[in-house]
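Beneath this line is the structure, given in structure tokens, with notes to follow.
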Amino acid sequence: TQLLEQSPQFLSIQEGENLTVYCNSSSVFSSLQWYRQEPGEGPVLLVTVVTGGEVKKLKRLTFQFGDARKDSSLHITAAQPGDTGLYLCAGVPGSGYALNFGKGTSLLVTP
Amino acid sequence: NAGVTQTPKFRVLKTGQSMTLLCAQDMNHEYMYWYRQDPGMGLRLIHYSVGEGTTAKGEVPDGYNVSRLKKQNFLLGLESAAPSQTSVYFCASSYGTTYNEQFFGPGTRLTVL
């Protein structure tokens, strides 16, 4: 199993602050996905990045895939309480189709 | 469309009891998966299926069995439950394309006493 390490594990910030969470691996992935999971619910796909160096924006969320396709980051601008949740990165290894998940970053945004 | 549904939402078992978790999807997806999620461990793949009538082992298959008799359903069985199987179980499905983007159900919280 190719490991995906997420950091930080926990993050507690106030509304309006910016933050970045990271997803790193020593292995190459053909694509990386970011999911958000709210308490008591299943993960929901936010974005898929597939090209090294790719940047995708989803409103206040900016996702970047590293040039070598071994890492990714999620930046949230002006966080809101509705952004609270567990953020998971998941990668498809170079061969195969089973997703490898990171352990997640738990984000709490307080008013 | 209901997406991915799971039955039941909560269950409490005694050690040694058996049960079956049902997952259903209405998106005509080929691939289906069962994960367990534990604190500090993330999502771990138990078993998966790449089509009707097929199943394969994931990362943590011991103590579980699965069946995919119909394309839309994927069943997860515990023959003799153990306290170590206390967890939240998620079913997911996907088209099985290159990026394998997955759609998850709401989860089943299982406690084994």
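Protein chains in written order, with our numbering: chain A, 1 to 111; chain B, 1001 to 1113. Even glycine gets a Cβ: it sits at the ideal position worked out from N, Cα and C. A quick note: this is a predicted structure, and the numbers were derived from the prediction, not measured.
- Neighbours of F1090/B in chain A, taken as residues at a C-beta separation under 8 Å, are given in chain order as G42, P43.
- Under the three-state reduction of DSSP output, D71/A falls in the strand class.
- Under the 8 Å Cβ criterion, the stretch 1063-1075 of chain B does not count as touching the stretch 1006-1017 of chain B, having fewer than three qualifying pairs.
- Residues of the stretch 1037-1048 of chain B with a C-beta atom less than 9 Å from some C-beta of chain A are Q1037, G1040, M1041, G1042, L1043, R1044, L1045, Y1048, listed in chain order.
- Distance from the CA of S25/A to the CA of S7/A, rounded to the nearest whole angstrom, comes to 12 Å.
- In the structure shown, the three-state DSSP call for Q14/A is strand.
- Between V1088/B and G1058/B, the CB-CB gap reaches or exceeds 7 Å.
- Secondary structure note for V50/A: it is in no beta strand (DSSP E), with a DSSP letter that is neither H nor E.
- Shown in chain order are the members of the stretch 35-65 of chain A whose Cβ falls below 9 Å from a Cβ of chain B: Y35, Q37, G40, E41, G42, P43, V44, L45, T48, V50.
- If you compare the alpha carbons of D71/A, H75/A, G91/A, E54/A with that of L61/A, the shortest gap goes to H75/A.
- Secondary structure of Q1006/B (DSSP, three-state): strand.
- Here G91/A carries a strand assignment [DSSP, helix/strand/coil].
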